[in-house]
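This report refers to the structure that appears directly beneath it.
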Amino acid sequence: MPNNAVLYSFRRCPYAMRARLAITYSQQAVELREVVLKNKPQTLIDASAKATVPVLVLSDAIIDESIDIMAWALHRRDEDNWQRREDTAKQAEIQQLISDNDIIFKHWLDRYKYADRYPEHDPLYYRQQAEQTLSGLETRLEQHRYLIDDDISWADMAIMPFIRQFAHNDKRWFLQSPYPQLIRWLEQLMTQPPFIDIMQKYPPWQTGDSITLFGQG
1 MPNNAVLYSF RRCPYAMRAR LAITYSQQAV ELREVVLKNK PQTLIDASAK ATVPVLVLSD
61 AIIDESIDIM AWALHRRDED NWQRREDTAK QAEIQQLISD NDIIFKHWLD RYKYADRYPE
121 HDPLYYRQQA EQTLSGLETR LEQHRYLIDD DISWADMAIM PFIRQFAHND KRWFLQSPYP
181 QLIRWLEQLM TQPPFIDIMQ KYPPWQTGDS ITLFGQG
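If you read the sequence shown in full-length UniProt numbering, its first letter stands for residue 1, the second for the next number, and so on.
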């Protein structure tokens, strides 16, 4: 394993999903430690003050932001050019889309999914606010197959887990929503590698367990 890398993850967390997607795609072998969020292992808490997944523990560094873990993996191997190297305009597009997702869309997604925690408005209001992001993505996907162009990019894989979470909050509504290209895009990404590969179930890790390798080619 490179740098004896250890990844703390949780299967259903969209931040952890995007980290696992990049690690799997780039074929970076890590030791996977599946976490139960209600009973976090002390080693995770000791590694990162945030104590939230994903956390990548290396021999010389600790990376506890999902986008930084993606960058770590893609820096090591990016055969399909998810990063759009040598194209600064597309790189800027990717970064802006991810930033908008993480700051704006995630804000409304949380309120839509957990509306009972935010009684200031009803779920319909929160969904409508989130739809501003969906509409923008739909427009992009009307122009090309993926968010940046006709090939998968870092933006697609960083954003897809959050759109998936939104869609699963009310699948029936989503599948009838006025976003046919977004529906197609999500279905396509969810039914092929590397997404299928990362959604394998693992038992929760405990101290003393044997090593579970993840992401190796």
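Every residue, glycine too, gets a C-beta built ideally from N, C-alpha and C.
CB of residue i within 8 Å of CB of residue j, strictly
| i | j | result |
| --- | --- | --- |
| GLN95 | GLY215 | no |
| GLU31 | VAL6 | yes |
| TRP82 | SER9 | no |
| ALA89 | TRP108 | no |
| LEU44 | VAL36 | no |
| TRP173 | ARG33 | no |
| GLN181 | GLU142 | yes |
| ILE67 | ILE98 | yes |
| PRO41 | THR207 | yes |
| GLU138 | TYR179 | yes |
Cβ-based neighbour list, residue i, same chain, cut-off 6 Å, excluding 5 preceding and 5 following
| i | result |
| --- | --- |
| ASP156 | TYR146, LEU147 |
| THR133 | PHE105 |
| ARG127 | TYR112 |
| TYR25 | PRO194 |
| HIS121 | none |
| ALA92 | none |
Residue i classed as buried or exposed, judged by whether at least 16 other C-beta atoms fall within 10 angstroms
| i | result |
| --- | --- |
| ASP209 | exposed |
| ASP151 | exposed |
| PRO194 | buried |
| LYS38 | exposed |
| ILE159 | buried |
| LEU175 | exposed |
| ASN101 | buried |
| LEU186 | buried |
| ARG12 | exposed |
| ARG84 | buried |
Cβ-based neighbour list, residue i, same chain, cut-off 7 Å, excluding 5 preceding and 5 following
| i | result |
| --- | --- |
| SER48 | VAL55, ILE62, ASP64 |
| ASN169 | TYR112, LYS113 |
Own chain, CB closer than 8 Å to residue i, minus 5 neighbours either side, in chain order
| i | result |
| --- | --- |
| PRO14 | PRO161, PHE162, ARG164, GLN165 |
8 Å Cβ cutoff, residue i in contact with chain B
| i | result |
| --- | --- |
| SER99 | Considering every chain present, this structure includes no chain B. It has just one protein chain. |
If we count Cβ pairs, one from each stretch, closer than 8 Å, do we get three or more for the stretch 9-24 versus the stretch 193-211?
yes
Where are the alpha helix (DSSP H) runs, 4 residues long or more, that stay fully inside the stretch 119-177, in chain order?
123-143, 154-169, 171-175
Runs of beta strand (DSSP E) wholly within the stretch 9-81 (minimum 3 residues, chain order):
30-34, 55-57
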